[in-house]
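Numbering of the sequence shown is given in the working numbering, commencing with residue 1060 and proceeding in unit increments.
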Amino acid sequence: MVMKEYGKFHAISVAIQDQQPEKFKKILAPFKHTFDKFKESGNSNILFSSSIEEVYDLLKDDLEESIMNRWKNFKQQVDFVLNDISEDLDGLKVIVHGDCWNNNFMYYSENNEKNLPKKVALLDWQMSRFTTPITDLSYFLFACISQEDLENLNEILRNYYKSFSHHLKRLGSDPDRLYSFDQLLKDWKTYCKYGIMMASVILKIALTEKDEIVDIAQAAEQGQDIVSSFSYEIQNKTPLRNRLRPFVKYVVEHDLKDNLKDITVQVAGNSGKGEGFLGDVVFVLASGTTENGSTKEYDLVIKCGKRSQFLRKISPIRNTFLNEIYVFDELLPAFTRFQVERGIADPFNSVAKCYGSFVTDNMEVLVLGNMNTLGYELWDKKIPLTRKHIDLVMREYGKFHAISAAMNDQEPDTFQKLIAPMLDIFNEFRASSNLDELFRMRIEEVYDMLKHDLDESIMLKWRDLKNKVTFVFGDMIDNIESLKVVLHSDCWNNNFLYYSESNDKYLPTQVAILDWQITRFSSPVIALSYFLFVCISQEDLENLNDILKGYYKSFSDHLKRLGTDPSGLYTFDQLLDDWKNYSKYGIMMASLSLKVCSTESDDIGETAQEAEKGQDFTAVFMYDIKDNTIFKNRIRPIVKLTTRANL
1060 MVMKEYGKFH
1070 AISVAIQDQQ
1080 PEKFKKILAP
1090 FKHTFDKFKE
1100 SGNSNILFSS
1110 SIEEVYDLLK
1120 DDLEESIMNR
1130 WKNFKQQVDF
1140 VLNDISEDLD
1150 GLKVIVHGDC
1160 WNNNFMYYSE
1170 NNEKNLPKKV
1180 ALLDWQMSRF
1190 TTPITDLSYF
1200 LFACISQEDL
1210 ENLNEILRNY
1220 YKSFSHHLKR
1230 LGSDPDRLYS
1240 FDQLLKDWKT
1250 YCKYGIMMAS
1260 VILKIALTEK
1270 DEIVDIAQAA
1280 EQGQDIVSSF
1290 SYEIQNKTPL
1300 RNRLRPFVKY
1310 VVEHDLKDNL
1320 KDITVQVAGN
1330 SGKGEGFLGD
1340 VVFVLASGTT
1350 ENGSTKEYDL
1360 VIKCGKRSQF
1370 LRKISPIRNT
1380 FLNEIYVFDE
1390 LLPAFTRFQV
1400 ERGIADPFNS
1410 VAKCYGSFVT
1420 DNMEVLVLGN
1430 MNTLGYELWD
1440 KKIPLTRKHI
1450 DLVMREYGKF
1460 HAISAAMNDQ
1470 EPDTFQKLIA
1480 PMLDIFNEFR
1490 ASSNLDELFR
1500 MRIEEVYDML
1510 KHDLDESIML
1520 KWRDLKNKVT
1530 FVFGDMIDNI
1540 ESLKVVLHSD
1550 CWNNNFLYYS
1560 ESNDKYLPTQ
1570 VAILDWQITR
1580 FSSPVIALSY
1590 FLFVCISQED
1600 LENLNDILKG
1610 YYKSFSDHLK
1620 RLGTDPSGLY
1630 TFDQLLDDWK
1640 NYSKYGIMMA
1650 SLSLKVCSTE
1660 SDDIGETAQE
1670 AEKGQDFTAV
1680 FMYDIKDNTI
1690 FKNRIRPIVK
1700 LTTRANL
């Protein structure tokens, strides 16, 4: 019955467009595009991604892993569904009802036979807009259909088309010319993802007791956005699980495919020499034709572990990539879900979009979106970051670390399960190479380079750091007793890309954090000291306290929004104490990373070549800088601060 009425309603739009196009344009002009306003005002992308993840968690033990992994990958299509369907639609467009869930239909039947409805009234036209009819059809069907009728979707669509085409003929237009059934099926294949996405949210609401649903007005009064109203825990999950199980299985097997044909792949470039010590990065432009004839293009970054068998035997390449894949596949989505459940309006999301991963016995591949094509740029590694860049990274690190602290405070069991699969890559490097000796040599190198520039007392204190390398990388890290959070960890210059809304590189507004391979669970000072000592200018080094205050403000503000009291968990004074105790880590990292930042890329060796010679990966860093002026100027203030502050 609903299909019949939708067919008639959609036919009216088509007929008026065909016969009276100017009049139809005037009809459309006052439309408010409420759906677009909803996208702009709330974290709709996060809402739907989190809902897809929630369905995955609910059914991962019920359905085959292959089915659930394909369902989970649907998250990567949320942007397309939310944006392209509205903005880049190639097929037929009509005025749609828009809000097609169960409670927006009322049925009339004669003789009180509710299973034999005669008429239907469509309610709530607030989301009505001009788009493909598939949005109405897929939303309604996936939100309301039974398991049995799922298997007869083609027949249901035929009945819709019969109503549509008959009404179109009666209105005086030719359906064969304007919109054939084959065209409808092609559009269904492309755009039914909208209904799948909506159903992932709506089915939860439909199967929730009324007193469990969050009141939108009440949420707004508490400073939360609209999407937070959909982020609640359902008490009895059995009805939802039973409803979702056939739905997920069906859509994975039938509809969650791009089905691109005529696919072309163009290699646009790769990482430069000295930029990937254990992996290769390839930039790819991929495009293909969808079933409805439209073209989809993807700007991708493909990261893969180096294939050298010698190198793979002597270094933890595989685990390094598996750790990063886990971060993108599991940890970051869980962090996103945690934030959206608490109605965070500006969540941490400063990472590249992940399109998926691929792992075999001797290959690890991670596919990400290319941030460069979105306007993000790398800062010249030879030049210290500006204060605005520093503060921007501190802000995002603060938010990122706050998620760990809040989740560990509120959901400790969930958090511990989440971080349990993370690998300690740094210690694996220490076990497989002469890493400690590498840093002792770098400290000695700095001593030799500056011993005639600075007072002997300063340089002797610096030189004494050699005796603390094993302690800092071993016992100190292993026995941290204060706050521990999930860290980015690989914090040197080339792992940050910056975006400026004004196209002024000195006024960055967003940052994308790259390379999560050595992500670990430790003190936030480990990441802060590494980033600051490697990237900061001499001038800003004198304002470290203010910079740390900026980090703490971001951390504590985000922690409060997430529902945890920072004063009872981690105060600024505690952060300063930890800085005093643990910032030696960043100083030691700077002794190596600042050398790399001061070196021309062509002067850095290749790890695979060194492996073939029987050397471990640390051999790559055993080189002399042709001109060490930059290195001396960058490391000198670090050495002076280290000894002056007795770090």
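Built from N, CA and C at the ideal position, the CB exists for glycine as well. Small disclaimer: the values here were computed from a predicted structure and weren't measured.
query	result
With the cut-off set at 8 Å, would you say V1528 and D1495 are in Cβ contact?	yes
Can you tell me the Cα-Cα spacing of S1626 and I1105, whole angstroms?	29 Å
In the structure shown, what three-state DSSP assignment does N1408 receive?	coil
8 Å is my cut-off, CB to CB: does S1232 come that close to chain C?	Going by chain labels, chain C is absent from the structure shown, which holds only one protein chain.
In this structure, how does DSSP classify I1449 when only helix, strand and coil are distinguished?	helix
By how many angstroms is the C-alpha of I1449 removed from the C-alpha of I1606?	8 Å
Of all the beta strand (DSSP E) runs that stay within the bounds of the segment 1131–1210, which reach a length of 3 or more residues?	1153–1155, 1164–1167, 1178–1181 and 1188–1190
Please state whether DSSP places G1066 in a helix, a strand or coil.	helix
On a Cα-Cα basis, can you pick out the residue from T1623, E1081, N1142 and L1148 that is closest to F1107?	N1142
Identify whether R1562 lies in helix, strand or coil by the three-state DSSP scheme.	The displayed chain sequence assigns Asn, not Arg, to residue 1562. Of the three classes helix, strand and coil, the one that applies to N1562 here is coil, per DSSP.
Can you tell me the Cα-Cα spacing of K1612 and M1453, whole angstroms?	10 Å
Identify whether Y1682 lies in helix, strand or coil by the three-state DSSP scheme.	coil
Determine, using beta carbons only, whether F1407 and Q1398 come nearer to each other than 8 Å.	yes
Taking buried to mean at least 16 other C-beta atoms within 10 Å of its own C-beta, is K1308 buried or exposed?	buried
So who's on the other strand from S1346, going by DSSP bridges?	T1323 and E1356
Rounded to whole angstroms, how far is the Cβ of M1257 from the Cβ of A1202, which I believe are closer than 8 Å?	6 Å
Nearest CA to the CA of I1264: which residue from V1655, G1254 and W1160?	W1160
May I ask you to report which of helix, strand or coil DSSP gives K1362?	strand
Pick helix, strand or coil for G1457, following the three-state DSSP scheme.	helix
Spatial neighbours of N1382 within its chain, please: CB distance less than 8 Å, with the 5 preceding and 5 following residues excluded, ordered by chain position.	M1481, L1482, I1484, W1575, Q1576, I1577 and T1578
At which residues does the beta strand (DSSP E) containing T1419 begin and terminate?	C1413 to T1419
Let me know if F1133 comes out buried or exposed under the rule of 16 or more other beta-carbons within 10 Å of its beta-carbon.	buried
Could you give the DSSP three-state label for D1624: helix, strand or coil?	coil
What first and last residue would you give for the alpha helix (DSSP H) that runs through Q1398?	L1391 to E1400
Taking Q1633 as part of the alpha helix (DSSP H), name the residues at either end of that continuous run.	F1631 to Y1641
Flag this pair as yes or no: are the beta carbons of V1593 and L1524 separated by less than 8 Å?	no
Cα separation between W1551 and D1121?	43 Å
I'd like to know whether the C-beta atoms of S1596 and I1536 end up nearer to each other than 8 Å.	no
Compute the Euclidean distance between the alpha carbons of G1066 and K1320, then round it to the nearest angstrom.	30 Å
Need the endpoints of the alpha helix (DSSP H) that M1500 sits in, please.	L1494 to L1509
Buried or exposed: R1229, going by 16 or more other Cβ atoms within 10 Å of its Cβ?	exposed
Sort R1401, L1444 and M1681 by Cα distance to D1599 and report the nearest one.	L1444
Where S1414 and N1493 are concerned, what is the direct C-alpha to C-alpha distance, given to the nearest angstrom?	Reading off the sequence shown, one finds Tyr at residue 1414, where the question assumed Ser. Cα to Cα, the separation comes out at about 36 Å.
For the beta strand (DSSP E) holding L1425, just list the boundary residues, first then last.	M1422 to G1428
Taking M1165 as the reference, give the member of E1123, V1343 and M1060 with the closest Cα.	M1060
For the segment 1532–1547 against the segment 1457–1468, do three or more pairs of beta-carbon atoms, one drawn from each stretch, fall closer than 8 Å, so that the two count as touching?	yes
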